[in-house]
Each structure stands twice: as C-alpha cells, then as structure tokens.
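All residue numbers for the sequence shown refer to the UniProt record's numbering, where the first residue is 1 and numbers rise by one. Okay, structure first, notes after.
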Amino acid sequence: MAPGHQRCMYCGDNQGTDIDHFEPKSLAPVRTFEWLNHLLACAYCNSNQKRNAFPRSEGDGSPLLVDPTLQDPLDHLRLVLPLCTYKGLTPQGEACIDVFGLNSRGVLVHGRRTAYATAKQSVELWHIATDRGQHSKAAEVARVAWDRPLADVLAGMFHQSGHPAAELLFSGEEETLGLLRDPALRGAFLARA
C-alpha cells in the first residue's frame with residue numbers, strides 16, 4: 001500500500017518496524033507462518049489501529065481490508081489531492097480508511113499535505129535538472145521522492161494525472177499536471193516506484 005522505502009503498508013507515514021499478520025493470528029492461527037500473511041507495518045497501525053480488526057463482507061465473508069500482496073490499493077482508494085484525504089472507491093477502501101484511521105488521524109492528513117507540496121517540487125526540480133542536462137541530479141530527485149514518507153501521495157498524483165477527469169482533479173495546477181503527463185518524467189519516476 002505504501003510505495004516508500006521500508007514504510008508501513010497501511011499509513012505510509014511511519015517506518016515499518018513491525019510484522020503484521022494481515023489476517024490476525026487469533027482469527028486464522030493456521031496462517032501464522034505464511035509469508036504472504038506477513039506485512040510490514042508501523043507499531044501504531046499494528047498495535048493501536050488494526051490490532052485484531054479484520055472486517056469481512058456480510059455477503060460472502062471475504063476480507064474487507066486491501067491485501068497489498070494481491071491487490072492494487074489504487075483500485076480501492078482515491079486520494080483527494082486538494083484535501084489530502086482518502087475516498088473509498090469500494091467497500092474494501094472504506095474499511096481501510098476506517099480501520100487505519102487514514103482520514104481521522106490529523107498527523108496523516110497534515111503529512112499528506114506536506115508530501116503533496118514536496119512531490120510537486122520534486123517533479124519541478126526533475127524538469128529543471130533535465131532541461132539543464134543534469135541527468136544524474138534528475139535521477140537523484142526521483143530516487144529521493146520515492147524514499148520519503150507518504151510516497152502514496154506521489155503515486156496518487158501519477159495515477160490521477162491519467163484519469164479522464166484529470167483537468168478537474170488538478171484544477172489550478174495545470175503546470176503540475178503537464179509535468180506529470182510528460183513521458184520522460186513518467187518514465188524516470190515510475191521506473192523507481
């Protein structure tokens with residue numbers, strides 16, 4: 001869920017210091033030692049937010065949390081860029097927002113706002129460095145952008161720049177949208193993701 005380096009798979013903000021059992025041991029003891037049931041999480045999401053929460057669909061009993069080993073979180077969650085909050089696109093997305101407090105934890109929303117401003121600066125710096133022929137500097141800008149906390153904001157920006165309503169999603173930020181759509185910039189940044 002979090003494209004950043006060694007970040008929590010749920011919030012993307014903190015360092016992934018814990019191994020979370022995606023399906024809790026208390027509910028599925030047989031999966032305790034399955035590798036695909038182990039996800040990198042921060043202590044806060046693992047111990048304070050998720051704990052043993054594992055909502056299931058009333059219809060078929062399938063898990064309602066997004067399993068990032070099997071699913072693309074962008075299919076279930078959309079980052080509303082001006083607000084830096086998430087909108088659930090599916091019941092799984094809604095469950096993730098609720099269980100992990102993705103919109104109710106002020107520190108995450110504030111962090112995403114900062115990450116959004118920083119990501120815009122990164123694509124601008126990449127463009128400037130490339131125009132000046134400073135290709136190693138441009139590569140370093142892309143690398144650093146993905147290693148920051150809340151790299152999900154950068155991933156959301158690239159994802160939404162290709163959306164049919166991108167002009168509306170980036171209203172007032174046409175320059176940023178143009179950069180995000182630049183094939184060379186996309187190639188440089190998305191190769192690092």
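By construction, the Cβ of each residue, glycine as well, lies at the ideal position given by its N, Cα and C atoms.
Are the beta-carbon atoms belonging to Q49 and V99 less than 8 Å from one another? Counting from 1 along the sequence shown, the entry for residue 49 is found at position 49. Counting from 1 along the sequence shown, the entry for residue 99 is found at position 99. Yes, the Cβ-Cβ distance between Q49 and V99 is below 8 Å.
- Task: Tell me where the alpha helix (DSSP H) around T32 begins and ends.
- Result: As a working note, residue 32 is residue 32 in the sequence shown. Here T32 belongs to no alpha helix (DSSP H), and DSSP marks it neither H nor E.
**Request:** Would you mind sorting V35 into buried or exposed? The rule is 16 or more other CB atoms within 10 Å of its CB.
**Result:** Along the sequence shown, one-based indexing puts residue 35 at 35. Looking at the sequence shown, residue 35 is not Val but Trp. Exposed is the call here.
Exposed or buried, what is D20 when buried is set at 16 or more other beta-carbons lying within 10 Å of its beta-carbon? Counted from its first residue, the sequence shown places residue 20 at position 20. It counts as buried.
- Task: Taking only the alpha-carbon atoms, compute the straight-line gap between K25 and A41 and give it to the nearest angstrom.
- Result: Counting from 1 along the sequence shown, the entry for residue 25 is found at position 25. Counting from 1 along the sequence shown, the entry for residue 41 is found at position 41. Taking the straight line joining both Cα atoms gives about 15 Å.
| field | Inter-stretch contact at 8 Å, needing at least 3 Cβ pairs: the region 156 to 164 / the region 66 to 83 | value | yes
ask   = Taking buried to mean at least 16 other C-beta atoms within 10 Å of its own C-beta, is N37 buried or exposed?
value = By 1-based counting over the sequence shown, the position of residue 37 is 37. Under this definition N37 is a buried residue.
Item checked: Beta-carbon separation (whole angstroms), R7 vs A151, contact threshold 8 Å -> Numbered from its first residue, the sequence shown carries residue 7 at position 7. Numbered from its first residue, the sequence shown carries residue 151 at position 151. Confirmed, about 7 Å.
>> Rounded to whole angstroms, what is the Cα-Cα separation between T72 and V66?
In response: Walking along the sequence shown from the start, residue 72 turns up at place 72. Walking along the sequence shown from the start, residue 66 turns up at place 66. It is worth fixing the name first, because residue 72 is Asp in this sequence and not Thr. Taking the straight line joining both Cα atoms gives about 8 Å.
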